[in-house]
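**Student:** Residue numbers (the working numbering): 253 to 584.
#1: For residue 550, which three-state DSSP category applies?
#2: For the alpha helix (DSSP H) containing residue 474, list its first residue and its last residue.
#3: Is it true that the segment 570-577 meets the segment 396-405, where meeting means three or more beta-carbon pairs spaced less than 8 Å apart?
#4: When DSSP builds the beta bridges, which residues end up paired with residue 525?
#5: Using alpha carbons as the reference points, say which of 423, 456, 427, 306 lies closest to residue 564.
#6: Rounded to the nearest angstrom, how far is the Cβ of residue 363 from that of residue 444, given a contact under 8 Å?
#7: Buried or exposed: where does residue 326 fall if 16 or more other Cβ atoms within 10 Å of its Cβ makes it buried?
#8: Can you tell which of 527, 533, 480 has its C-alpha closest to the C-alpha of residue 594?
#9: Quick one: what does DSSP say residue 569 is sitting in, helix, strand or coil?
#10: May I have the straight-line CA-CA distance separating residue 568 from residue 535, to the nearest angstrom?
#11: Does the segment 326-340 come close enough to the segment 421-438 that 3 or more CB-CB pairs lie under 8 Å?
#12: Could you say which of 426, 286, 298, 437 lies nearest to residue 583 if we only look at CA atoms?
#13: Classify residue 373 as buried or exposed, calling it buried when 16 or more other Cβ atoms lie within 10 Å of its own Cβ.
#14: So what does DSSP say about residue 430, is it helix, strand or coil?
#15: Can you tell me whether residue 370 is helix, strand or coil according to DSSP?
#16: In the DSSP assignment, find the beta strand (DSSP E) that holds residue 397 and state where it starts and stops.
#17: If you measure from the CB of residue 409, is any heavy atom of the ligand GTP nearer than 7 Å?
#18: Residue 396 and residue 356: beta carbons closer than 8 Å?
#19: How many Å lie between residue 410 and residue 345 at the Cα?
#20: Look at the Cβ atom of residue 319, then the Cβ atom of residue 293, and state whether they are nearer than 8 Å.
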């Protein structure tokens, strides 16, 4: 399913930074008159999102369910498989042909991309061989870190798949998600854990959810922002953090931590493209210019400081689903 030409509608969606949605041009298996699809799955702390994606990377169908509902109990993988079985029984129904399943986990994933080693907020998703647990579906199963799935989608949307050099994706949400690609290929690292930017040491004195002390995301993440806002303005809405309190010192301190985190990677790798995204960066009044000024101040002169190729993405609810499907489409 590789090397399939992009339809005009898909090309337009990519150019306009919009989600790719299936059209009448979507590929059809002429022998069976079924559209070949990949089941993409994005597991989040609040929601589990699934969707069928065709060979062009277009979203054919999508669903959202509470992660608690879909993954609760002592055996979340069995719960997930049962949910997927019901979804596929409803959706395939002679119209689609399932070619693969691909899952993005908010987890530490091993180098073979088969075992979820650790998931902080879902203890039952530790040391789990996912392809084995989803073998009932009879198709190849692929897994990766959720942020690696998102950068795959962003690379397609921004036409960066064949970009030479390093693509650095950093997504600021509840925590800090980071993904790295070199010459268009995701960098996994020896043990599969490359890109854990939120867990570099910054001597914050705070204990991280991962168990370590002083991780950068304890000072430069959505959770850190919530904590600081509550400390300075009890009861204030997080939605107003930048628009109402952006000039205050605690916001500047938070930006300083975030810029330091970003500049660490920028100085080390001199990226060809820097993708900044995540829900926090989309909040009202988010100070992009101040962040970039701080990154520049902390970056090596003259380069990379004088030429920071930063682009901001607008996160979509199903980016991780489509990105997961793209991961499978690269390999089948």
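Beta carbons: idealized from backbone N, C-alpha and C, even for Gly. As the structure is a prediction and not an experimental result, all values here were calculated from the model.
**Tutor:** With the structure as the only source:
#1: Residue state, collapsed to three classes: helix.
#2: Per DSSP, the unbroken alpha helix (DSSP H) holding residue 474 starts and ends at 474-484.
#3: Cβ pair count under 8 Å is three or more, so yes.
#4: Here residue 525 is bridged, per DSSP, to 419.
#5: The candidate whose alpha carbon is nearest that of residue 564 is 423.
#6: Between residue 363 and residue 444 a beta carbon distance of about 4 Å is seen, short of the 8 Å cut, so the two are scored as contacting.
#7: So residue 326 ends up on the exposed side.
#8: One cannot answer for residue 594 here, as it falls past the ends of the chain, which runs 253 to 584.
#9: Correct three-state label for residue 569: coil.
#10: Approximately 14 Å, taken between the alpha carbons.
#11: No, the segment 421-438 does not touch the segment 326-340.
#12: With distances taken between Cα atoms, residue 583 lies closest to 437.
#13: Residue 373 counts as exposed, since fewer than 16 other C-beta atoms from the protein chains shown sit within 10 angstroms of its C-beta.
#14: If DSSP states are grouped into helix, strand and coil, residue 430 belongs with the strands.
#15: DSSP places residue 370 in strand when its eight states are reduced to three.
#16: Its beta strand (DSSP E) spans residues 393-397.
#17: Questions concerning the ligand GTP fall outside what the structure shown contains, since it holds no ligand whatsoever.
#18: In this structure, the beta-carbon distance from residue 396 to residue 356 falls below 8 Å.
#19: Whole-angstrom Cα-Cα distance: 34 Å.
#20: No; because the gap between Cβ atoms is not below 8 Å, this pair is not in contact.
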